[in-house]
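Here the sequence shown stands for residues 1 to 402, numbered as in UniProt numbering. Just so it is clear, CB atoms sit at the ideal spot from N, CA and C, and this is done for glycine as well. Some notes on the structure that comes next.
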Amino acid sequence: MPYTIKTFMTRSGERFSQLYDTETPGLPLFYPTAFVARFLRSATHETQKVYLAVIKRICEWEFTKQVDLANCFHRSKFLTCAQIDDLANHLRASKLGGKGEVIGSPKYNTYVAYATEYLRWLAQEVITDWNTVNVRASIEAQSDMLLKKKIRKSGSKSSQNRRVVTKSLTTASSGKLLSLFEQPFEGITRTQDLGSRIRNIVMLRILYETGMRVGELLGLKLKNFSNATGEDSATLEITRNHHDEFDSRLNQPVAKTLGRTLPISESLEAQLDEYCNNWRAEVEGVGFSDEDFIFVIHRAGRTLGQALPKSSFDSGLSNLKKSFPALTPIHPHLLRHDWNYRFSMKVDAIGMSFEEERQLREYLMGWAPGSAMSNRYNYRHVQEKSLEVGLSIASDSARGLQ
Numbered sequence: 001m002p003y004t005i006k007t008f009m010t011r012s013g014e015r016f017s018q019l020y021d022t023e024t025p026g027l028p029l030f031y032p033t034a035f036v037a038r039f040l041r042s043a044t045h046e047t048q049k050v051y052l053a054v055i056k057r058i059c060e061w062e063f064t065k066q067v068d069l070a071n072c073f074h075r076s077k078f079l080t081c082a083q084i085d086d087l088a089n090h091l092r093a094s095k096l097g098g099k100g101e102v103i104g105s106p107k108y109n110t111y112v113a114y115a116t117e118y119l120r121w122l123a124q125e126v127i128t129d130w131n132t133v134n135v136r137a138s139i140e141a142q143s144d145m146l147l148k149k150k151i152r153k154s155g156s157k158s159s160q161n162r163r164v165v166t167k168s169l170t171t172a173s174s175g176k177l178l179s180l181f182e183q184p185f186e187g188i189t190r191t192q193d194l195g196s197r198i199r200n201i202v203m204l205r206i207l208y209e210t211g212m213r214v215g216e217l218l219g220l221k222l223k224n225f226s227n228a229t230g231e232d233s234a235t236l237e238i239t240r241n242h243h244d245e246f247d248s249r250l251n252q253p254v255a256k257t258l259g260r261t262l263p264i265s266e267s268l269e270a271q272l273d274e275y276c277n278n279w280r281a282e283v284e285g286v287g288f289s290d291e292d293f294i295f296v297i298h299r300a301g302r303t304l305g306q307a308l309p310k311s312s313f314d315s316g317l318s319n320l321k322k323s324f325p326a327l328t329p330i331h332p333h334l335l336r337h338d339w340n341y342r343f344s345m346k347v348d349a350i351g352m353s354f355e356e357e358r359q360l361r362e363y364l365m366g367w368a369p370g371s372a373m374s375n376r377y378n379y380r381h382v383q384e385k386s387l388e389v390g391l392s393i394a395s396d397s398a399r400g401l402q
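Have a look at this one:
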């Protein structure tokens, strides 16, 4: 039985999703809906959708194996080791790839954790005496067996941290990107593509200069762009925007980090002005209020002038990669890593203190004080200082032997 996730938006702007089976599409599935409404009510819509994607896989597994988990749990009949193995394999299978292909370990581990939470909730929901010693122990044993299916990360944590803090653009990718910032219309042969090209280049330049997330980029409104005044540079303001009533996109791009105000270069300010005044303004149906979004759809059709969805951003980046192969390795989060790499080089060059670097990085990235990610990037100071002191000691030993 095929299942589908449908997303809706209330008049207040709140997004919510429900799981349906396509043979009886009138009503959502009862237990998944109850779980989201009662267990995930305070979670973000994006988190709710990931849970529903996991529950959808569980329902598909139930249908394939002819198992009714709610009925089994009601009779205090829990998953066997073989069933847990099979369910874990189903959770890991890639739906986009060919037979035998699997999703990445981090995503799979999240699926296992979310599946465990849902199955624990379901068992407690349908078993009237779930809190008795024996039943509670059986539920926890089932949960433990499923959680053991998580894939342990290979390599030490320090080596993983080193890989993260050194991620950056290749010389070829960086060079081509900087070239396109200066000549955004390179290779364009059709005039109808000019507007979307300058839009795509400006978006990439914002990601490159600020390190913001793509959801934050797509959530930028006209009111969030401030031109330079006096000695102050132009800025882009990132705000928390979950369930924005002015955003018509069902799959709303949202800021996952803290709100903040980010400075941008004079060149980027000029390009943003050019895009807004000369290209965006000419799009039919586009809005000009403070609440309207900066980046809009330029392609003719019923969505012309509406806020740009994530899928269109991805499509635009894909087209750029086809036109300029040097951009192939680029993805939005790599630009965030590259920003952190360049930030590290800059603070080293000016001799900034460890504490000041930490505070500035946390603010500019939108991380909470003491963030694990901030500590991961700043750990390189400890590593580099250790190497410096270690080399000094080694040199002293060498001189002593002479």
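Measuring only the C-alpha atoms, how far is R376 from R358? 10 angstroms
Does the distance from the C-beta atom of Y31 to that of L40 stay below 8 angstroms? no
Alpha-carbon spacing of Q83 relative to T47, whole angstroms: 26 angstroms
Comparing C-alpha positions only, which one of L250, L262, E117 sits nearest to P309? L250
Does the Cβ of M345 have 16 or more other Cβ atoms within 10 Å, making it buried, or fewer, making it exposed? Its Cβ having fewer than 16 others within 10 Å, M345 is exposed.
Using beta-carbon positions only, say whether Y108 and L91 come within less than 8 angstroms of one another. yes
What are the boundary residues of the alpha helix (DSSP H) that includes Q18? In this chain, Q18 is not harboured by any alpha helix (DSSP H); it is covered by the beta strand (DSSP E) spanning 15 to 21.
Check for me: the alpha helix (DSSP H) holding Q128 runs from which residue to which? Note that residue 128 is Thr in the sequence shown here, rather than Gln. Counting along the chain, T128 falls outside any alpha helix (DSSP H), and DSSP gives it neither H nor E.
If you draw a straight line from the alpha carbon of R190 to that of L220, how long is it in whole angstroms? 28 angstroms
As an exercise, report each continuous alpha helix (DSSP H) stretch of at least 4 residues that is fully enclosed by the segment 278 to 317, in chain order. none
Kindly list the residues whose CB is nearer than 8 angstroms to the CB of P263, restricted to its own chain and excluding five residues on each side of it in sequence; keep chain order. Cβ-Cβ distances below 8 angstroms link P263 to S233, A234, T235 in the same chain, with the five nearest sequence neighbours on each side left out; the list follows chain order.
Tell me whether the beta-carbon of V133 lies closer than 8 angstroms to the beta-carbon of S76. In this structure, S76 does not lie closer than 8 angstroms to V133 by Cβ.
Neighbourhood of F225 by C-beta, 7 angstroms cutoff - its chain only, sequence neighbours within 5 removed: L236, L272, I294
Check for me: the alpha helix (DSSP H) holding R38 runs from which residue to which? 30 to 39
From what residue to what residue does the beta strand (DSSP E) around E209 run? Looking at the DSSP string, E209 is not in any beta strand (DSSP E); the run it does join, the alpha helix (DSSP H), is 194 to 210.
How big is the Cα-Cα spacing for S353 and V347? 8 angstroms
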